[in-house]
Amino acid sequence: MRDPTIRVLMMPRDTNAWGTIFGGVLLSHLDQAAGLEAIRNTDHRIVTVAMKEVVFHEPVLIGDLVSFYAETVRLGRTSITVRVEVEAERRGQRPMKVTEAEVTFVAIDSEGRPTPLRTEDGAPPAGVPPWPANLPAGDPL
Ligand SMILES: CC(C)(COP(=O)(O)OP(=O)(O)OC[C@H]1O[C@@H](n2cnc3c(N)ncnc32)[C@H](O)[C@@H]1OP(=O)(O)O)[C@@H](O)C(=O)NCCC(=O)NCCS
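126 is the number of the first residue of the sequence shown in the working numbering; add one for each residue after it.
Pasting the structure below:
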């Protein structure tokens with residue numbers, strides 16, 4: 126059985142005006158799960174450049190335990206694309222796929238410009254401390 130990258134319990138603060146979970150809340154967790162997976166592929170800081178093919182299959186409800194499964198599907202020169210599947214567990218029911226998306230990140234240098242994920246020989250970039258030490262305190266992925 127695969128391990129989720131993150132799991133989150135949905136709370137009343139996460140709802141939209143109709144009482145189901147706000148899609149933006151799910152996107153925020155989805156971005157975080159994808160980022161945690163993507164950062165395994167480089168020692169550089171990364172930023173989200175695109176979220177594609179986001180599909181909300183089923184509503185998510187308060188009390189659902191939501192699991193985000195992230196998998197790297199493409200490595201470019203400076204970009205990393207991660208596919209995320211989201212499942213919700215509701216008491217007394219089987220887990221169901223509620224959302225899926227593809228998220229692309231770009232490795233950036235200290236000037237915020239795209240930079241290769243790896244050096245030419247495939248090694249991590251020299252002089253960059255391993256994650257998470259290279260993130261300034263409080264900095265998001
Ligand atoms: C991400 C950013 C550095 C890219 O800069 P850029 O000059 O447009 O980058 P480039 O055109 O050189 O492309 C860099 C890589 O991103 C990929 N890319 C760019 N736009 C993309 C898109 N819309 N979808 C998928 N990949 C994309 C390119 O294919 C390239 O990948 P590769 O090197 O693996 O072939 C810049 O757009 C940026 O800073 N965006 C804001 C990021 C951010 O703040 N995100 C947080 C959310 S607010």
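Yeah, the Cβ is synthetic: ideal placement off N, Cα and C, and Gly gets one too.
E183: which of T173, A163, I146 and E196 sits nearest, CA to CA?
I146
Is any heavy atom of ligand 1 found at a distance shorter than 7 Å from the C-beta of V198?
no
For R127, count neighbouring C-beta atoms within 10 Å of its own C-beta (all shown protein chains included) and say buried if the count is 16 or more, exposed if not.
exposed
Cα-Cα separation between F193 and R215, rounded to whole angstroms:
15 Å
Reduced DSSP secondary structure (H/G/I, E/B, other) of V207
strand
If you count every other CB in all the chains shown that lies within 10 Å of the CB of M136, and 16 or more means buried, which is it?
exposed
So does V244 have its beta carbon nearer than 7 Å to some heavy atom of ligand 1?
The identity of residue 244 in the sequence shown is Thr, whereas the question assumes Val. No - ligand 1 has no heavy atom lying nearer than 7 Å to the Cβ of T244.
Where G263 falls, given that 16 or more other Cβ within 10 Å makes a residue buried
Because the pLDDT at G263 is just 48, under 50, the model does not fix this residue reliably, and the point stays unresolved.
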